[in-house]
Structure formats: structure tokens, C-alpha cells
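The next block holds one structure in the form of C-alpha cells; read it before the comments.
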Amino acid sequence: MPAPQEFLDYVDSNADAFIQRLSNAVAIKSVSGDPAYRQEVIKMSHWISEQLQAVGVETQLADLGRHTMDGQDLPLPPAVLGRIGNDPNKKTVLVYGHFDVQPALVSDGWNTDPFKLTVLPNGQLVGRGSSDDKGPVLGWLNVLQYHYQNKKELPVNLKCCFEGMEESGSEGLDDLVKKESQPGGWFDGVDCVCISDNYWLNTRTPTLTYGLRGLAYYKITVEGPTRDLHSGVFGRTVHEPMTDLIKIMGTLVDVKGNILIPGVDEMVSAAAADERQLYEKLDYSIKDVEESAGAPIALSSDKVEVLMGRMRMPSLSLHGIEGAFYGAGAKTVIPAKVSGKFSIRLVPPQSPESVLPLVKAHIESEFKKLGTKNRLNLEELHGGTPWVTDINHWNYEAAKIATRAVYNQEPDMTREGGSIPVTLTFAEALGVSVLLLPMGRGDDGAHSTNEKLDRSNFIEGTKLLGTYLYEVGAVASK
Ligand code: BES
Ligand code: MN
Ligand code: MN
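Under this note's numbering, think of the first position of the sequence shown as 2, with each following residue one higher.
See the structure below:
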């Protein structure tokens, strides 16, 4: 059962209105990681709920309570639950997306106002959240709008779960998902899940994704003096916290990406010869990675090595140092207290729980070796378990057929290096197949400056999401 031609035509003829709606969504500065914007994220919850209601979806704003961020007690933005259709002869699909975004400032290097969607002559829709993840969330709205306005029944029963804290660790969502997956809960009866919140591997080939890395995020704090010191007065006189911290951070990973914490890389089995073929098959080259990174800096000239480094190996990245001198000038200070932040992307069979003791033991033993009199503290900030699923499920089959229909291409089958921790929660709480069906391209610049979504990805991606629902519907009638 392919999607009706009328649907595809409707998407084409309403493209400008869809882009206008995306522009309205981008204008709401729903930055979840900055307490100053919390009201905007909450506003976005209401906006999404109203948009869903306007296309015939019953909604509920699910209160997630409060939390502490940067020492402030804040209300969490409510998750938006939706449902439409209740036909026992149809499959029930749950779609997930997030309407919060990463911070963005013109001064970071944007060419345009990040919260004003700019349509470039080359068709790029530039703005924070265009690709991650407002564009894909609005893709579902576009599909629903066609059915509502034309009084067409959806080919499936649809449930939605849209959240506003994904970029900050999906605070509160796991408990909600578990609760609503119980008999009688909002997600009771769901047959499969579709998440549109990642990207094609390259800029040419549509993609289906069957794995995500997990995450374990850490903060190590070294402190000594009660206040910042003058380096002229105290240099070579006291143990300096920043020197200790840099030494410790330097023991975590080498310049080739190998993780130096004993036991962490060792948890992951080496790739079998036939596994390499999976990566060989992907439409990808070193040129793709270097173009999206903006420089010829790939760790290897072997495409398979590079892809495996991202998809099936863990990685450790150093993110920043809080409390260090930062900014213009040349301040001669010895910072009193500094916190280094780093995270490990995890793959099966790793989990935040299983790597924590290794990280702890390593850091404590390295700190001891320094012989410093400063104090050290290790905290785990947030985490998520990795996820890999079976691509032979009908959920993937439906998405493959839909991809062929819309793009006339075979999709790349990928595992992603990024993390969406709630994915595994859905898979486990509901016991159903979860599919990642990306809308944007590999060079969209999620989390970066000048984030964009190509107009064609928004429009054809909307067709893909709709066509996928029709193909899931077709599975039910087989
Ligand atoms: N959409 C991304 C997840 C993603 C990133 C998928 C790259 C595929 C490739 C999501 O919005 C995200 O940024 N997730 C965070 C999760 C973290 C805060 C727990 C991430 O991966 O850093
Ligand atoms: Mn995202
Ligand atoms: Mn993101």
C-alpha cells in the first residue's frame, strides 16, 4: 500500500506553508541547557500541543516535575503526548522527537540570527533546531495536516511523545515512558516506534539507523587554595590545581582516539572479517568526513576504520575546563578550583554502570601518582546505555520500501555515534522494534554554527515519514 499520490502532491504544494511553520518553531528559543531560556522551552511544549490539536490529535501535557540546573531549581518542560486513531485492525506507531535545542549565539560564528529561519538561495533552511530536531518533529505535523484537512484516515493509529529536555539528558522522561508503557498507559498497545532525530551518513543517500552509542559524562574537580592566587607570588610555591587536572586529563585518551583507561576499550570485541563488509558497503568516503569536519583531519585514510571508530567503537572526548581562566588578555592567575569535563561514548556491552568503576580506579591511581596535596572529586553527570537492534524486523522493511518509493534509492544502514538515551527505554519498556528514520543530511551541522536543513530534505523527508506510515499499515493487512 504505497502512500496516495494526493498526499505526495499535497506536501509539494504546501511546502512554503510548512517552511513558514518551521520558521515559527525556530523563533521560539527553546534551549534546554540554559536556565535563562526555560520559559521558552515550556512555551514550545504548549506550541507543539496546540499544533497537534489543530490537526486532530488528542494531547496531554505530561508534567515531569522540577530539577536543579546550575544550582537553580527549575520546572521541567512538560512532555507532549498525543494520540489519534484507535482501530484494532491497524498497527499502532509511536513517534518520538524533541523540541528543545542546543544554545546558539551570533557571536559563536553564525552568519545569520540563529533563531530566525533563513532560506538561502541554495535551498538551505538555516536556523537552530532546523535539523536537530524541530524539522523532523514538524515533518510529522505536516503528515497529520494532510490527513486532517482532507478528511483522510491515517493508515495506522498514531501516538506521539515529544520532549523538551533531550539535549540535557532527557530529565524525567524515562520514568514517564515506563509508566505510560504499562497496561492502560498512554503507550499501551504500541506495535513499533519511529524516531526521526539523526542524519544521513553523507549528503546523498537516505539512511536507516539501527544503533546508537551510549554516553557516560564525567566531571573531575581539583581544588586546593581557598581562592585564586597570583602566579608571581605563588608560582613554584604551591601545588597548582590546573596543572594536576591537565595531567589527569592527559591520561584518558591518546591522539589516535585510543582510550587509555584500562579495561574500557577491552570490553568491546574486535570486528569479525564479515562485519567489516557492513561498513564497506556504506556510501561514504574520507572526503565525506573531511568535508563535514571542515578540514582534512580524519584519523585514518581507511574508510572502514573511520566508520568503525564512529559506529562500533567507544570514544572518549575532552570537552572543557570550568573555572580555568577564559577570555581575552593574559591574566597571571593560578585558578583555585577547576573542573575538567569529559565523556565516553559507549557501545555494547558497555554501560555507564560498567565503566564507572574503571574510570574511578584509573583517575584515583593517576592522581595518587602525582603526589599532589590538592583534592580531587569525580562526579558522573548523566548517561545512557547503547542500543543496537535487529534490521530484519518489519518496521525496518516498511522504512526500506518507503525509502525506495520516495527517493528511488537503497538506504544506507547505519549505526550512529551519537546518543538518544530514551531509545533503549522505549525498546525495553514496550518490547517492540525501534527504528531511527533520519530526515537531515550528514553536513547539517547539528549543535554547530549555521545549522541547516535542506528544503528538499524537509519536503521529501515529510513524504518519507508519511509513506513509512502507509507501509507499516500495509504490514498489518498482510
Ligand atoms: N539528535 C542527537 C543524537 C544524535 C547525534 C544522533 C548524532 C545521531 C548522531 C541528539 O539531539 C543529541 O544531541 N543527543 C545528545 C544526547 C546527550 C545529551 C545524552 C548527544 O548525543 O550528545
Ligand atoms: Mn536530536
Ligand atoms: Mn542534539
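Heads up, the beta-carbon is just placed ideally off N, CA and C, and yes, glycines get one too.
Anticipated Cβ contact below 8 Å, residue i with residue j, distance rounded
i, j, result
"P137", "D198", "6 Å"
"L121", "L23", "In fact, because the Cβ distance is near 14 Å, the residues do not count as touching under 8 Å."
"Y219", "S352", "The Cβ separation is near 15 Å, so there is no contact."
"V256", "L159", "The pair is not a contact, with the Cβ atoms about 48 Å apart (cut-off 8 Å)."
"P242", "K338", "6 Å"
"T450", "W111", "5 Å"
"L317", "V254", "4 Å"
"L377", "I221", "7 Å"
"M45", "P78", "7 Å"
"E461", "V407", "6 Å"
"L155", "I85", "7 Å"
"F459", "L126", "6 Å"
"G128", "V27", "4 Å"
"V476", "A362", "Their Cβ separation, rounded to whole angstroms, is 49 Å, which puts V476 and A362 out of contact at 8 Å."
"V234", "G225", "Contact doesn't hold; Cβ gap of about 15 Å is too wide."
"K304", "S293", "About 14 Å; that fails the 8 Å criterion."
"Y149", "Y11", "Going by Cβ atoms, the distance from Y149 to Y11 rounds to 11 Å, so no, they are not a contact pair."
Residues bridged to residue i (per DSSP)
i, result
"R277", "Answer is none; R277 lacks a bridge partner."
"I402", "DSSP, once it has assigned bridges, lists no residue as partnering I402."
"M314", "Answer is none; M314 lacks a bridge partner."
"R214", "DSSP, once it has assigned bridges, lists no residue as partnering R214."
"Q125", "D455"
"Y219", "F343, E381"
"I196", "Y97, L437"
"K160", "R84, L95"
"H68", "L75"
"D413", "T208"
"A63", "A80"
"I260", "V254"
Buried versus exposed call for residue i [16 or more other C-beta atoms within 10 Å across all chains shown]
i, result
"A274", "exposed"
"I298", "exposed"
"K374", "exposed"
"H231", "exposed"
"V223", "buried"
"H320", "exposed"
"Q21", "exposed"
"R67", "exposed"
"D245", "buried"
"R456", "buried"
"R237", "exposed"
"D13", "exposed"
"E168", "buried"
"Y397", "buried"
"S31", "buried"
"N203", "buried"
"T404", "buried"
"A296", "exposed"
"D453", "Residue identity differs from the one stated: residue 453 is Lys in this sequence, not Asp. K453 comes out buried."
"K180", "exposed"
Proximity below 8 Å, CB of residue i to CB of residue j
i, j, result
"G341", "I322", "yes"
"S182", "A430", "yes"
"I196", "Y97", "yes"
"P387", "T208", "no"
"G215", "G441", "no"
"I249", "F368", "yes"
"T426", "D64", "no"
"S33", "G130", "no"
"I49", "F116", "no"
"L347", "V157", "no"
"R39", "L82", "no"
"R311", "G212", "no"
"G474", "K91", "yes"
"F19", "N151", "no"
"D289", "G443", "yes"
"T227", "P439", "no"
"L357", "A217", "yes"
"V360", "D229", "no"
"L53", "C162", "no"
"K401", "L9", "no"
"E269", "P315", "With the sequence shown as reference, residue 269 is identified as Val, and Glu is not the correct amino acid for it. In contact: V269 and P315 (Cβ atoms closer than 8 Å)."
"Q410", "T206", "yes"
"V178", "V433", "no"
"P336", "G324", "yes"
"C193", "L436", "yes"
"P422", "S171", "yes"
"M70", "P36", "yes"
"R277", "R416", "no"
Any C-beta of chain C under 8 Å from that of residue i
i, result
"T252", "Among the protein chains of the structure shown there is no chain C, as only one such chain exists."
Closer than 7 Å: residue i CB and nearest ligand 5 heavy atom
i, result
"E168", "For the structure depicted, ligand 5 is absent and the ligand set comprises only ligand 1, ligand 2 and ligand 3."
Neighbouring residues (CB closer than 5 Å to any heavy atom of ligand 2):
Taking each Cβ in turn, the ones that pass are D133, D134, D198.
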